[in-house]
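Enquirer: Just so we're on the same page, my numbering is the position in the sequence shown counted from 1, plus 18.
All C-beta atoms in this analysis are idealised placements derived from N, C-alpha and C, irrespective of residue type, glycine included.
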Amino acid sequence: MCAELRKDIISGGWIITNTKGKEEFFKSLEPGVRVKEKPCPFCSGNEKETPKEIYALRKPGTLPDQPGWSVRVFPSKEKALEIEKELERRGVGIYDVMNNVGAHELIIESPEHIKNLSDLPEEQIKKALLVYQKRIIDLKKDKRFRYAIVFKNQRPSSPFRLGHTHSQLVALPLTPESVKGELENAKSYYGEKERCVFCDVVREELEAGLRIIKENKSFLSYVPFAPRLPFETWILPKRHNADFTQEDDSTLFDFAAIMKVTLSKICKLLEDPPLNYMIHSIPYMRPKVGYWKTIHKDYHWHLEILPHIVKVEGFSWSSGFYIEPLSSEIMAELLRETKL
Numbered sequence: 019m020c021a022e023l024r025k026d027i028i029s030g031g032w033i034i035t036n037t038k039g040k041e042e043f044f045k046s047l048e049p050g051v052r053v054k055e056k057p058c059p060f061c062s063g064n065e066k067e068t069p070k071e072i073y074a075l076r077k078p079g080t081l082p083d084q085p086g087w088s089v090r091v092f093p094s095k096e097k098a099l100e101i102e103k104e105l106e107r108r109g110v111g112i113y114d115v116m117n118n119v120g121a122h123e124l125i126i127e128s129p130e131h132i133k134n135l136s137d138l139p140e141e142q143i144k145k146a147l148l149v150y151q152k153r154i155i156d157l158k159k160d161k162r163f164r165y166a167i168v169f170k171n172q173r174p175s176s177p178f179r180l181g182h183t184h185s186q187l188v189a190l191p192l193t194p195e196s197v198k199g200e201l202e203n204a205k206s207y208y209g210e211k212e213r214c215v216f217c218d219v220v221r222e223e224l225e226a227g228l229r230i231i232k233e234n235k236s237f238l239s240y241v242p243f244a245p246r247l248p249f250e251t252w253i254l255p256k257r258h259n260a261d262f263t264q265e266d267d268s269t270l271f272d273f274a275a276i277m278k279v280t281l282s283k284i285c286k287l288l289e290d291p292p293l294n295y296m297i298h299s300i301p302y303m304r305p306k307v308g309y310w311k312t313i314h315k316d317y318h319w320h321l322e323i324l325p326h327i328v329k330v331e332g333f334s335w336s337s338g339f340y341i342e343p344l345s346s347e348i349m350a351e352l353l354r355e356t357k358l
């Protein structure tokens with residue numbers, strides 16, 4: 019295949035793809051930096067080393083901030099966002115300002131010292147997903163918040179990484195621009211075609227089969243037609259649903275299963291790369307009634323996985339065009355064929 023310009027149907031962004039061959043691409047990867055492990059405050063038995071527990075899945079009869087939990091949540095020690103303040107929206111000259119109001123929580127996904135989520139059993143991953151749901155729902159009660167996002171920073175090259183699988187949840191008084199752009203594109207697509215763009219992507223990818231990594235009864239994992247980064251991967255529900263928190267127990271297990279396989283393949287093929295993942299779901303439906311009037315018809319929650327194995331250069335930052343060394347079809351083929 020020749021290099022191409024590709025437009026992402028969901029974000030509206032453009033990339034340049036397929037600029038290298040397979041061998042040239044793998045030779046260009048920089049080796050990851052490994053850091054020495056430190057004593058871990060996230061392990062069971064070290065609960066006093068963390069802030070007070072907000073929520074946990076626990077064995078009956080066990081107490082907060084004690085062993086006996088399977089998934090545990092507590093506030094981040096970082097003070098970038100603070101939950102105790104009022105918003106106090108104001109203008110500073112022509113600029114808009116508000117206080118740094120928000121919630122920032124850590125979700126510890128295992129009481130054992132396990133590095134990657136993909137190393138956990140499917141049932142344990144499902145428990146973590148259930149806690150994601152519960153915390154998003156609980157934070158919705160705070161009328162100051164408009165959006166909550168769950169994300170993971172899995173960074174072996176970071177000197178701050180604790181090497182114990184965990185995710186983070188941030189609730190914000192606004193909807194992030196990256197998510198808003200996705201929502202607006204979905205709304206526009208629906209307004210023009212009266213179809214969900216994500217559902218159309220699911221149908222197209224299943225029919226073509228070229229970019230699929232894995233599928234099960236409820237989900238599809240695939241490399242997008244126009245990825246931003248090499249081996250960017252999305253997991254989409256096959257059934258239309260805008261709201262992650264509405265998925266039931268059975269569907270969460272299917273999500274856990276495809277997450278485990280997909281992340282395992284990425285980690286094996288790319289030799290445990292730094293990566294992020296994030297769950298994009300609908301905003302909290304306030305304060306503008308009717309603002310997202312068709313959102314339950316036009317939007318589709320999903321997981322985005324972004325491995326960081328190449329540097330984003332100045333051209334991409336300045337233009338919004340991403341340059342991909344391989345096509346998404348080749349990336350998907352490599353991941354599909356990775357044996358676990």
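1. Can the beta-carbon of Ile297 be found closer than 7 angstroms to that of Asn234?
2. Answer yes or no: do Glu222 and Ile230 have a C-beta to C-beta separation smaller than 7 angstroms?
3. How would you call Val188, buried or exposed, if buried means at least 16 neighbouring beta carbons within 10 angstroms?
4. Would you list the one or two residues that DSSP bridges to Glu123?
5. For Val197, tell me which candidate among Gln84, His131, Val168, Leu99 has the shortest Cα-Cα distance.
6. Just how far apart, CA to CA, sit Lys25 and Ile143?
7. Could you tell me the alpha carbon to alpha carbon distance between Arg108 and Val115, rounded to whole angstroms?
8. Three-state secondary structure (DSSP) at Ile84?
9. So Phe237 and Leu288 are in contact, right, with Cβ under 8 angstroms, and what is the actual spacing, rounded?
10. Less than 7 angstroms between C-beta atoms, sequence neighbours within five positions excluded: which residues of the same chain meet that for Ser29?
11. Measure the Cβ-Cβ separation of Asp261 and Ser206 and say whether it is below 7 angstroms.
12. Write down every uninterrupted run of the alpha helix (DSSP H) in the segment 269-323 whose length is 4 residues or greater and which is fully enclosed by it, in chain order.
13. Exposed or buried, which one is Trp335 when buried takes at least 16 other CB atoms within 10 Å?
14. Looking at Pro291: is its Cβ nearer than 7 angstroms to the Cβ of Ile341?
Expert: In this structure, then:
1. Taking 7 angstroms as the Cβ cut-off, Ile297 and Asn234 do not qualify as a contacting pair.
2. With a cutoff of 7 angstroms on beta-carbon distance, Glu222 and Ile230 are scored as not near each other.
3. Classification of Val188: buried, given that the 10 Å Cβ count is 16 or more.
4. Residue pairing by DSSP puts Glu123 in a beta bridge opposite Pro93, Leu187.
5. Nearest Cα to Val197 within the set Gln84, His131, Val168, Leu99: Val168.
6. If you take the alpha carbons of Lys25 and Ile143, they lie about 33 angstroms apart.
7. Note on geometry: alpha-carbon atoms of Arg108 and Val115 lie some 5 angstroms from one another.
8. For clarity, residue 84 is Gln in the given sequence; the question names Ile instead. In this structure, Gln84 counts as coil in the three-state DSSP scheme.
9. So it is not a contact: roughly 21 angstroms between Cβ atoms.
10. Exclusion of the five residues before and after Ser29 leaves Gly199, Glu200, Asn203 as the residues of its chain whose Cβ lies within less than 7 angstroms of its Cβ.
11. With respect to the 7 angstroms criterion, Asp261 and Ser206 are not classified as neighbours on the basis of their beta carbons.
12. For the segment 269-323, the continuous alpha helix (DSSP H) assignments of 4+ residues that do not extend past its boundaries occur at 313-316, in sequence order.
13. Taking a 10 Å sphere around the C-beta of Trp335, we find fewer than 16 other C-beta atoms and assign the residue as exposed.
14. Against a cut-off of 7 angstroms, the Cβ pair of Ile341 and Pro291 comes out as no contact.
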